[in-house]
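Numbering (the UniProt record's numbering), first residue to last: 1 to 433.
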C-alpha cells in the first residue's frame, strides 16, 4: 500500500490521523479537539497547536534575524545560501579590514568607524569613552596652534620690526626665542628661582639690537612675577604645548597631530584622548624643566605626540592576536620612535619632552586602552588590577617630578649627565642656550 509521509501507513479503515502537517492543517475547520493531542514517535504526546505555533515563531525569528543581518551588510549576504533548517540564505560576516584602525559602520553604505569595540554603545557613552566619528579636539587644537603661530609672528614684528628672525636666521622660519619666551615658551628661569640666574640678570639683544636690553622679569612678560618678585610662572608647563618655533616646526608636528591624533581620538572619544594628550605633553615639559639646562627654552606639542606613540605601543600588544601583521606594525612604530628620538639630539629640539611624553603615553595606554570584548573574567580582573597600578604610577610620576623640580636648590644638579639625552657632545651643543 501507499505510505503517505505525512499520515503514516494506510489501513483498511482509512489513513491515520496526521502525525504532523502544516500550520494551516492544524488550524483548519476539519480539525477536531480529539486531533489536538497527538503522539509523536520521538517526543510522545504533544499539543498540535502549541507545536506549530512554536515552529512558526521560530521561523519568524530566524527570518527576522537573517533580514536584520542582511540589511546591515547587503554586500556580504550570500544569496545562494546553504543547507539549514529553514532553507534561508546564510549571512557571511564582513572580512577582516586591511587597516585595523577602521571598520565599516553598521548600516548600508555607512562611514568607516574606528575598529574598536562596542559600536552599539549608547550615544552618551560613545561621546564619553568612544568610538566617535568626529575628532573635534584634534582639529580645533590644530587650528588653535595655527592662531598662536600667527600671534607669534605679529608679536615678533611689533618687538623686532621683522615677521621672522633673520639675524641669526631661525631655521624653523619663525620668531626669535626672546619673543617666544615672552609669549610663554618653557623657560625654567621664568618658573622658579635658579642660583645661576639672579633676578638682576640683564639680557642683551632682547628685541631689536644688542643695545636693547631687558631684565628677566621683562623677558618673561605676563605682568611680571608675584608680589615677592620671585619667578612663579607654572603655566609654562601647559602653554608651550600650543606654541611652535616656526612654520616648519608646526607643519612637522601637524603631520602626526592630524593623522594619528585624529585616528586615536575617534577610537578613544574626546575625554580619554584629551587626558592622554595633555598628560603626555605636560609631563614632558615637567621632565624638560627638571633636567634641561637652565638657560634653554622649548615649545611644541611633540611631547604630547610621543604620548600617542606610547599609547600605540601598548595597543599593539593588547590587540596582538587581532591585528593583521602585528610584528610589522610594532616594527614600524619602534622605527619611527627611534628616528624621532635621534633627531631630538639636534640643537633646538627638546628630547626631554619627547622621552617624558613617551613614558606617560605608555602608562596612559595601560590605563585607558579598550579591553577586548571576549576577555575572560580572569583577564578582566587582571586588566583592572593593572589599570589601578598604572593610575597610581601616573600620580606618583607627576607628584614626584613636580616636587623635585620645585624643591631642588639647583635643578641642573638633579642629573648632570642626563643632558646628553637631549644633545650630542659635539661643538658644545650641550652647553648652548
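Heads up, the beta-carbon is just placed ideally off N, CA and C, and yes, glycines get one too.
Pairwise C-alpha distance: residue 362 and residue 323: Whole-angstrom Cα-Cα distance: 19 Å.
Per-residue DSSP class, three states only, for residue 197: For residue 197, the secondary structure class from DSSP, reduced to helix, strand or coil, is strand.
Separation of residue 358 from residue 102, as counted between CA atoms: Note that residue 102 has pLDDT 41, beneath the 50 cutoff, so the model's placement of it is unreliable and no number is given.
Alpha carbon of residue 249 to alpha carbon of residue 218, nearest angstrom: Distance between the alpha carbons of residue 249 and residue 218: 26 Å.
Buried versus exposed, by CB contacts within 10 Å (16 or more), residue 314: Residue 314 sits buried, since 16 or more C-beta atoms from the chains shown fall within 10 Å of its C-beta.
Exposed unless 16 or more other CB atoms sit within 10 angstroms - verdict on residue 168: Answer is exposed; the Cβ neighbour count stays below 16.
Opposing strand residues paired with residue 311 [DSSP bridges]: Note: residue 311 sits in no beta bridge, so no partner.
Separation of residue 230 from residue 276, as counted between CA atoms: Put simply, the backbone Cα of residue 276 is about 32 Å away from that of residue 230.
Residue nearest to residue 125 in terms of C-alpha spacing, selected from 268, 151, 146 and 213: With distances taken between Cα atoms, residue 125 lies closest to 268.
Coarse secondary structure for residue 298, derived from DSSP in three states: Strand, per DSSP.
Proximity winner among 242, 309 and 356, relative to residue 369 (alpha-carbon distances): Ranking the options by Cα distance to residue 369, first place goes to 309.
Boundaries of the alpha helix (DSSP H) in which residue 129 is found, first to last residue: Per DSSP, residue 129 is one residue of the alpha helix (DSSP H) stretching across 123-129.
Test item: CB-CB of residue 206 and residue 257 under 9 Å: Contact: no.
Three-state secondary structure assigned by DSSP to residue 187: In the three-state reduction of the DSSP assignment, residue 187 falls in the strand class, which pools E and B.
Pairwise C-alpha distance: residue 273 and residue 264: The alpha-carbon separation between residue 264 and residue 273 amounts to approximately 7 Å.
C-beta atoms of residue 270 and residue 356 nearer than 9 Å: No, Cβ-Cβ distance for residue 270 and residue 356 is not below 9 Å.
Chain B within 9 Å of residue 410, Cβ atoms only: Of the chains in the structure shown, none is chain B; there is only one protein chain.
Enclosing alpha helix (DSSP H) for residue 250 [first to last residue]: Run containing residue 250: 247-257, per the alpha helix (DSSP H) assignment.
C-beta contact flag for residue 145 and residue 243 at 9 Å: Result yes, Cβ atoms of residue 145 and residue 243 sit closer than 9 Å.
Distance, residue 245 Cα to residue 166 Cα: Their backbone Cα atoms lie some 14 Å apart in a straight line.
Touching by the beta-carbon criterion (3+ pairs, under 8 Å), the stretch 416-428 and the stretch 346-354: Three or more Cβ pairs closer than 8 Å define a contact, and the stretch 416-428 meets that threshold against the stretch 346-354.
For residue 365 and residue 378, the rounded distance between their alpha carbons: Roughly 20 Å between the two C-alpha positions.
Residue nearest to residue 284 in terms of C-alpha spacing, selected from 318, 224, 406 and 398: When only C-alpha atoms are compared, the closest one is 398.
Any non-hydrogen atom of the ligand FMN within 8 Å of residue 285 CB: With respect to the ligand FMN, the structure shown offers nothing to examine, as it has no ligands at all.
Distance between beta carbons of residue 182 and residue 221, contact taken as under 8 Å: Contact holds; Cβ gap of about 4 Å.
Buried/exposed call for residue 134, threshold 16 Cβ in 10 Å: Exposed, because fewer than 16 other Cβ atoms sit within 10 Å of the Cβ of residue 134.
Beta bridge counterpart(s) of residue 203 as assigned by DSSP: Looking at the DSSP output, residue 203 shares a beta bridge with 214.
Member of 405, 415, 321 and 247 whose CA lies at the smallest distance from the CA of residue 170: Residue 247 is the option with its Cα nearest to residue 170.
Selection from 152, 196 and 141 that minimises the alpha carbon distance to residue 409: Nearest option by C-alpha distance: 196.
Close beta carbons around residue 234, own chain, < 7 Å, minus the five adjacent residues each side: Excluding residues within five positions, the ones whose Cβ falls inside 7 Å are 191.
Whole-angstrom distance between residue 394 and residue 374, CA atom to CA atom: Residue 374 and residue 394: Cα-Cα distance of roughly 28 Å.
Assumed close pair residue 280, residue 261 - CB separation to whole angstroms, cut-off 8 Å: Not a contact, Cβ separation roughly 11 Å.
CA nearest to the CA of residue 406, picked from 189, 199, 177 and 172: Residue 189 is the option with its Cα nearest to residue 406.
Bridge partners - residue 166, DSSP secondary structure assignment: In DSSP, residue 166 forms a bridge with 169.
The alpha helix (DSSP H) enclosing residue 157, as first and last residue numbers: Counting along the chain, the alpha helix (DSSP H) containing residue 157 begins and ends at 136-160.
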